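Residue numbering for the sequence shown follows numbering that gives the first Met the number 0, starting at 0 and increasing by one per position. Worksheet: one structure, shown below.
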Amino acid sequence: MALGTHTAAPGAHLDEVYQLLPIAPVKGEDVWLVEASGRRILDLYGGHAVAALGYGHPRLVRAIADQAASMVFQSNAVKLEIRDRAAALLAGFAGLGTTRVFFVNSGGEANENALRLALKLTGRRQVIALEHSFHGRTAAAAAVSYGSVEKGWYGFPSQPFDVRFVPRDDVDVLAEAIGPETAAVILEPVQGLAGAYDLAPEILAAARTATAATGALLIFDEVQTGMGRTGAPFGANLYGIEPDILTTAKGLAGGIPAGAVLMRPVLARHLKPGDLGTTFGGGPVPMAAIAAVIETIRDEGLLENVRAVSAKIAASCITGPVESIQGKGFLLGLRTKPRAALVRDALLKHDILAGTSGDPHVLRLLPSLTLTGEHVERLATALGEIGNASL
């Protein structure tokens with residue numbers, strides 16, 4: 000056989016580690032996925048919360064195209080105006096004390112760097128995390144993801160530092176656990192994979208008080224809760240608590256791989272050249288996308304839209320198989336009487352895509368921030384038609 004003439008069935012060379020849904024979109028239009036047949040599917044999952052502006056938003060598409068035409072890539076070894084601009088926009092959007100920004104490629108990488116910073120800057124070796132949390136699949140991020148070792152997917156022979164998991168709803172246990180050996184506490188303001196579980200404000204306040212008292216750092220993992228998904232810029236804004244380090248990714252660049260570590264200036268002052276590094280993080284195309292996402296959220300009033308449409312979901316979608324709704328904004332968990340996977344499959348027959356979670360009875364919604372009330376009516380009608388009997 001001549002070189003380059005080998006043929007195989009589509010997908011034969013992919014190492015499929017995900018359970019694939021029975022759809023094959025060829026394009027996206029706002030909150031819709033479109034198959035080759037013309038079938039249109041309302042996407043309420045957003046590619047794991049990545050499609051913050053939906054698909055094909057003209058402002059995002061134009062920013063990416065213009066930057067790619069000008070310069071696709073250059074590393075952190077050179078100064079880029081678009082990188083400075085993206086950092087200023089992100090720090091301003093957050094409106095917190097975490098005004099110094101380090102750009103990376105993903106949420107896992109952001110959390111990896113945040114944990115590395117905490118261990119390095121404090122000189123301590125213990126990290127406190129919450130039960131049911133998920134922070135990523137890289138070595139440090141997975142070490143603080145609840146159940147990673149017990150469930151057998153951690154994949155490394157040992158953890159890189161000491162980890163203690165505490166209950167997610169016990170203020171006293173959390174406060175007692177944070178001591179002189181604690182480098183950091185890492186938490187998600189709303190636990191995403193766990194089923195959009197809202198942490199009590201008292202838990203977040205206790206974490207802030209205890210870390211400040213002991214010299215430990217408070218890390219907010221806002222990979223999923225960030226970039227307007229809760230109806231505020233970040234969960235930190237929603238709860239009125241300023242962490243020492245904040246991580247974000249997913250919707251940050253609207254679909255272009257990008258992540259960021261935001262930190263207080265007092266921490267950044269201890270870093271010197273070479274302490275952090277990344278090849279692709281901070282490249283010009285994702286920086287242009289980040290700028291476009293932030294400006295679009297601001298100029299189109301998308302935070303207000305998230306709050307209004309989320310309230311409509313809460314008011315109209317406890318119907319059929321849904322018994323209650325938890326979460327914030329557009330990070331919502333619909334608690335279902337039958338298994339959530341059955342509800343997901345039934346919704347897909349109504350041309351609606353939702354996601355499942357670590358809780359087998361919680362269906363997750365992570366739609367674009369551009370979702371409207373009309374789309375919610377479509378979801379509520381489908382849930383009512385599904386009911387419970389057929390599941």
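Beta carbons are placed, not taken as given, at the ideal position from N, Cα and C, and that holds for glycine. Here the structure is a predicted model, which means the values were calculated and not measured.
Residue environment, residue i, which counts as buried when at least 16 other CB atoms sit within 10 Å
i	result
P320	buried
L19	exposed
M0	Confidence at M0 is low in this model, with a pLDDT of 48, below 50, so the placement of that residue should be treated as unreliable; the coordinate-derived value is given next. Per the 10 Å Cβ criterion, exposed.
K348	exposed
T324	Sequence check: residue 324 is Ile here, not Thr. I324 is buried by the Cβ-count criterion.
F133	buried
L192	buried
L378	buried
A67	exposed
E108	buried
S309	buried
D358	buried
Distance between residue j and residue i (C-alpha atoms, nearest Å)
i	j	result
E241	G214	15 angstroms
T277	G239	31 angstroms
L330	N387	24 angstroms
V25	G37	9 angstroms
A8	V16	18 angstroms
G122	D42	45 angstroms
F101	G154	27 angstroms
I293	A85	9 angstroms
G178	V126	10 angstroms
A87	L245	15 angstroms
P57	V49	17 angstroms
T295	V143	34 angstroms
T224	E187	8 angstroms
L79	G96	24 angstroms
L206	M70	What sits at residue 206 in the sequence shown is Ala, not Leu. Using only the alpha carbons, I get a separation of about 43 angstroms.
A340	R124	39 angstroms
A307	R228	12 angstroms
E149	D14	24 angstroms
T355	G194	8 angstroms
P159	L116	14 angstroms
A211	L89	25 angstroms
L390	Y44	21 angstroms
K311	G372	7 angstroms
Nearest neighbour of residue i, chosen from the options [CA to CA]
i	options	result
V60	V162, G326 and A252	A252
A62	D169, I127, A287 and P159	A287
P337	T181, L362 and G326	L362
A35	A212, I22, G46 and Y44	I22
E299	P272, L370 and R124	L370
L198	V342, L173 and H360	L173
L266	L79, R84, L114 and Y54	L114
D381	A259, D344 and G357	For clarity, residue 381 is Ala in the given sequence; the question names Asp instead. Closest by alpha carbon: D344.
G273	N112, V170 and E373	N112
E376	G357, S356 and A313	A313
V33	G55, A51 and H12	G55
V302	E180, E373, G280 and G230	Before going further, note that residue 302 is Leu rather than Val in the sequence given. Considering only alpha carbons, the answer is G230.
Beta-bridge partners of residue i, as assigned by DSSP
i	result
D197	V189
K327	L330
A183	V126 and L216
S39	The question names Ser, but residue 39 is Arg in the sequence shown. Partner(s): V33.
G253	I255
T335	V321
Y44	None; Y44 has no bridge partner.
R207	BP columns for R207 are empty, so no partner.
G354	R363
D161	Q125
Y238	Partner(s): none; Y238 has no beta bridge.
Residue i - containing alpha helix (DSSP H), residue span
i	result
F92	E80 to A93
E15	First-last for E15: undefined, no H or E at that position.
V33	First-last for V33: W31 to E34, but that is the beta strand (DSSP E), not the alpha helix (DSSP H).
V49	Here V49 belongs to no alpha helix (DSSP H), and DSSP marks it neither H nor E.
T295	P283 to D298
D171	V170 to A176
L390	Looking at the DSSP string, L390 is not in any alpha helix (DSSP H), and its letter there is neither H nor E.
V60	P57 to S69
R306	L301 to S315
A139	A138 to A142
Residue span of the beta strand (DSSP E) that contains residue i, given as start and end
i	result
V375	Premise fails: V375 lies in the alpha helix (DSSP H), G372 to I385, not in any beta strand (DSSP E).
M262	G258 to M262
E28	P24 to E28
T247	I244 to T247
V103	R99 to V103
beta-carbon residue i near the ligand MG non-hydrogen atom, thresh 7 angstroms
i	result
R115	Looking at this structure, you won't find the ligand MG or any other ligand, since it has none at all.
Any chain B beta carbon closer than 8 angstroms to residue i
i	result
K327	The structure shown has no chain B; it contains just one protein chain.
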